[in-house]
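In my numbering, the protein residues as written are 868 to 995.
Every residue, glycine too, gets a C-beta built ideally from N, C-alpha and C.
A short worksheet on the structure shown next.
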């Protein structure tokens with residue numbers, strides 16, 4: 868019986884940790900984020916204090932920009948919800964229009980995947 872109680876309390880922290888989002892979710896996410904997956908391209912995302920964003924991409928003679936509104940998720944997840952989000956394909960030749968989109972917050976990174984391992988992550992410029 869003591870063994871079962873001991874095992875219960877030993878496993879309890881692991882159960883609670885699996886229910887908690889341990890990602891670093893900075894409250895100050897306003898600023899410029901740079902995507903460096905292509906050194907020949909200029910690709911940045913500006914998050915403004917008034918809840919608007921501006922996304923810009925330029926490589927050679929290809930140039931795209933989009934703007935809309937953003938809002939930090941209020942359901943406890945470390946993500947930003949965007950209106951009018953457009954994403955470039957891997958070749959950078961056309962936008963894919965998603966209507967609404969999300970980027971996950973992981974420290975100084977914004978990423979399209981929750982694990983933060985995408986090559987198209989945006990890194991915050993001059994984080995404070």
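Checklist entry - Quick one, are the C-beta atoms of residue 920 and residue 937 less than 8 Å apart? => result One-based indexing of the chain shown puts residue 920 at position 53. One-based indexing of the chain shown puts residue 937 at position 70. Yes, the Cβ-Cβ distance between residue 920 and residue 937 is below 8 Å.
Next on the checklist: Suppose you measure from the CA of residue 902 to the CA of residue 945; what does that come to, to the nearest Å?
Outcome noted: Taking the first residue of the chain shown as position 1, residue 902 is located at position 35. Taking the first residue of the chain shown as position 1, residue 945 is located at position 78. Whole-angstrom Cα-Cα distance: 19 Å.
Item to check | Proximity below 8 Å, CB of residue 947 to CB of residue 896 | outcome: The count along the chain shown starts at 1 and reaches residue 947 at position 80. The count along the chain shown starts at 1 and reaches residue 896 at position 29. Yes, the pair counts as a contact, with Cβ atoms nearer than the cut-off.
Item to check | Terminal residues of the beta strand (DSSP E) in which residue 910 lies | outcome: In the chain shown, the residue the question calls residue 910 occupies position 43. Counting along the chain, the beta strand (DSSP E) containing residue 910 begins and ends at 909 to 914.
Item to check | From 954, 982, 940, 985, residue whose alpha carbon lies closest to that of residue 930 | outcome: To locate residue 930, count along the chain shown from 1; it is residue 63. Of the candidates 954, 982, 940, 985, the one whose C-alpha sits nearest the C-alpha of residue 930 is 954.
Next on the checklist: Rounding to the nearest angstrom, what Cα-Cα distance links residue 933 and residue 952 in this structure?
Outcome noted: Numbered from its first residue, the chain shown carries residue 933 at position 66. Numbered from its first residue, the chain shown carries residue 952 at position 85. Cα to Cα, residue 933 sits roughly 8 Å from residue 952.
Next on the checklist: Please classify residue 988 as buried or exposed, where buried requires at least 16 neighbouring CB atoms within 10 angstroms.
Outcome noted: Translated into positions along the chain shown, residue 988 becomes position 121. Classification for residue 988: buried.
Checklist entry - Alpha carbon to alpha carbon, how far is residue 923 from residue 943? => result Residue numbering aside, residue 923 sits at position 56 when the chain shown is read from its first letter. Residue numbering aside, residue 943 sits at position 76 when the chain shown is read from its first letter. Those two C-alpha atoms are separated by around 29 Å.
Next on the checklist: Given a cut-off of 8 Å on the beta-carbon distance, is the pair residue 950 and residue 974 in contact?
Outcome noted: The residue labelled residue 950 in the question sits at position 83 within the chain shown. The residue labelled residue 974 in the question sits at position 107 within the chain shown. No.
Checklist entry - Under the DSSP definition of a beta bridge, which residues are partnered with residue 979? => result Numbered from its first residue, the chain shown carries residue 979 at position 112. Paired residue(s): none; residue 979 is not in a bridge.
Item to check | For residue 916, the nearest candidate out of 905, 928, 939, 986 (CA to CA) | outcome: Locating residue 916 in the chain shown gives position 49, counting from the first residue. It is 939.
Checklist entry - Going by other Cβ atoms of all chains shown within 10 Å of its Cβ, with 16 needed for buried, is residue 968 buried or exposed? => result Numbered from 1 along the chain shown, position 101 holds the residue referred to as residue 968. With 16 or more other Cβ atoms within 10 Å, it is buried.
Item to check | Between the CA atoms of residue 869 and residue 993 - distance to the nearest angstrom | outcome: The residue labelled residue 993 in the question sits at position 126 within the chain shown. The residue labelled residue 869 in the question sits at position 2 within the chain shown. Going by the C-alpha atoms only, they are around 54 Å apart.
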